[in-house]
Amino acid sequence: MYVRYFDVDIDARGKPHPVSPIHFKESPQNLQIVPVVYIKNKVMLKDNLQLDLLADDISNYIEQINEAGAIGPIDEIQIDCDWTLTSRDKFMQFIDILKQRSGKKLSATIRLHQVKHYTSTHIPNVEYATLMYYNMGKIDADTLNSIYDREVAHRYIEGLNSYPMKLNIALPIYAWGVHVRNNKIVNLVSKTDKEAFENDTNFVCKENSNIITVKNSNIKHGRYYLRNDWIKIEEISGNELMQMAADIGKQLPYTPDEIVFFDLDEINIKRYSNEESFFKKVAHHF
0 MYVRYFDVDI DARGKPHPVS PIHFKESPQN LQIVPVVYIK NKVMLKDNLQ LDLLADDISN
60 YIEQINEAGA IGPIDEIQID CDWTLTSRDK FMQFIDILKQ RSGKKLSATI RLHQVKHYTS
120 THIPNVEYAT LMYYNMGKID ADTLNSIYDR EVAHRYIEGL NSYPMKLNIA LPIYAWGVHV
180 RNNKIVNLVS KTDKEAFEND TNFVCKENSN IITVKNSNIK HGRYYLRNDW IKIEEISGNE
240 LMQMAADIGK QLPYTPDEIV FFDLDEINIK RYSNEESFFK KVAHHF
């Protein structure tokens, strides 16, 4: 199971710093954990970045989390970074250093643009890569769904069959709300869907619409909603997941070793629980 351990950002001192580390309430039983570390691209763009120190800090912090959570030995670390042409060389070097310093097998996430333009973005020296088939648009008030846009996806996936490294595929089952006020984004409401607002009289949920209007100013789950604000729910339907899998399956000349559903939690899984063996049916498209 892939588990996000922490993010790496730049702190007020201008140094790489872990953000929102995971804390295990209990030790997962009978699960092989793969720690996932998200590194913001601006970390790789930092002048005078000490890659060996960064690699040691990440590796050591993973070990600290494992020790605190009584996690058994791990064999692999997955690095998630949306590297660009300007950060490419530094990122590729970092991967080599982390592999050497950690002594672990490494994998990496890959974005669609990195697959299509791999001759310029290059391919990290990892055991395998996982294609993130989501986050395809800009999060704003006007975008219909920033998580998945089939038209955007089709601009990129035709090159999947020529990508030199075999890919695993990650598909989205998460949802979020884009909180909008005066046509400007206030914030992103994670782990929510339309159902969370339907029985609240402070909100108006229209049938067959992903827009929820704030009827009365209120505080919900620690967030303040002003009258006439609106929340745009972005989620992926079961039909869209089937569509994604079918589209990718037509382009890949092989069956992926893994189909990853992101992210697996009770709220997200419940959204697809009305159909028996739904996730297996999606995977069968490959």
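Numbering-wise (numbering that gives the first Met the number 0), the sequence shown opens with residue 0 and increments by one.
All C-beta atoms in this analysis are idealised placements derived from N, C-alpha and C, irrespective of residue type, glycine included.
None of these values were measured; they are calculated from a predicted model.
Could you tell me the distance, in whole angstroms, from the CA atom of Cys-204 to the CA atom of Asp-139?
The alpha-carbon atoms of Cys-204 and Asp-139 are separated by roughly 20 Å.
Could you give the distance in angstroms between the alpha-carbon of Asp-141 and the alpha-carbon of Pro-171?
Rounded to the nearest angstrom, the gap between the Cα atoms of Asp-141 and Pro-171 is 21 Å.
State the beta-bridge partners of Leu-105 as determined by DSSP.
Ile-76
Element boundaries [alpha helix (DSSP H), containing Asp-56]:
50 to 67
Going by DSSP, what residues sit across from Gly-176 in a beta bridge?
Val-188 and Ile-232
Same chain, Cβ closer than 6 Å to Ala-107, neighbours up to 5 away in sequence not counted:
Ile-78, Pro-123, Val-125 and Ala-128
Are the stretch 162 to 170 and the stretch 258 to 271 touching, with three or more C-beta to C-beta distances below 8 Å?
Yes, the stretch 162 to 170 touches the stretch 258 to 271.
Just to confirm the assignment, what range does the beta strand (DSSP E) spanning Lys-219 have?
217 to 219
By Cβ distance, which residues of its chain are closer than 6 Å to Ile-94, with the 5 residues on each side in sequence left out?
Pro-123 and Asn-124
For the stretch 51 to 69 against the stretch 22 to 32, are there 3 or more C-beta pairs whose distance is under 8 Å?
Counting Cβ pairs under 8 Å, three or more are found: they touch.
My understanding is that Ile-57 touches Val-36, with C-beta atoms under 8 Å, so please give their C-beta distance in whole angstroms.
6 Å
Starting from the Cα of Phe-196, find the closest Cα among Tyr-155, Asn-209, Ile-184 and Arg-110 and give me that residue.
Asn-209
Using alpha carbons as the reference points, say which of Arg-3, Val-42, His-116 and Lys-249 lies closest to Arg-12.
It is Val-42 whose Cα lies nearest to the Cα of Arg-12.
Proximity winner among Asn-29, Asn-273, Leu-105 and Arg-87, relative to Ser-119 (alpha-carbon distances)
Arg-87
So for Asp-95, helix, strand or coil by DSSP?
The answer is helix: DSSP assigns Asp-95 an H, G or I state.
What's the gap between the Cα of Gln-63 and the Cα of Asn-181?
Taking the CA atoms as reference points, Gln-63 sits about 45 Å from Asn-181.
Skipping 5 residues on each side, what residues in its chain have a beta carbon closer than 6 Å to that of Pro-15?
Val-7, Val-42 and Leu-53
Indicate the three-state DSSP secondary structure (helix, strand or coil) for Arg-270 in the structure shown.
coil
Which one of Ile-76, Ile-146, Val-179 and Asn-160 has the shortest CA to CA distance from Ser-101?
Ile-76
Out of curiosity, what's the CA-to-CA distance linking Asn-267 and Asn-186?
Distance between the alpha carbons of Asn-267 and Asn-186 is about 20 Å.
Would Met-286 and Asp-148 qualify as a contact pair, given that the criterion is a beta-carbon distance under 7 Å?
In the structure as shown, the chain starts at 0 and stops at 285, and residue 286 therefore has no counterpart that could be examined.
Quick check: Ala-174 and Glu-234, are their CB atoms within less than 7 Å of each other?
A contact, by the Cβ cut-off of 7 Å.
Short of 6 Å in beta carbon distance, which residues of its chain neighbour Asn-201, apart from the five on each side in sequence? Order them along the chain.
In its chain, beyond the 5 residues on either side, Lys-214, Asn-215 and Asn-217 have a beta carbon closer than 6 Å to the beta carbon of Asn-201.
Would you please state the rounded distance, in angstroms, between the beta carbons of Gly-237 and Phe-277? I believe it to be under 8 Å.
6 Å
Report the start-end ranges of each beta strand (DSSP E) in the stretch 106 to 167 that is 3 residues or longer and not cut off at the edges.
127 to 131
What residues in its chain sit with their C-beta under 7 Å from that of Val-151, if we drop five residues either side in the sequence?
Met-135 and Gly-136
Assuming contact is defined by CB atoms lying nearer than 7 Å, are Leu-159 and Gln-250 in contact in what I supplied?
yes
Would you kindly work out how many angstroms separate the C-alpha atoms of Lys-183 and Gln-99, rounded to a whole number?
46 Å
Rounded separation between Lys-219 and Phe-5 - CA only:
Lys-219 and Phe-5 have their C-alpha atoms roughly 27 Å apart.
Among residues of its own chain, excluding the 5 on either side of Asn-65, which ones have a beta-carbon nearer than 7 Å to its beta-carbon?
Ile-73
Assuming Leu-50 and Gln-113 are in contact, meaning their beta carbons sit under 8 Å apart, how far apart are those beta carbons, in whole angstroms?
Incorrect: roughly 20 Å between the Cβ atoms, too far for contact.
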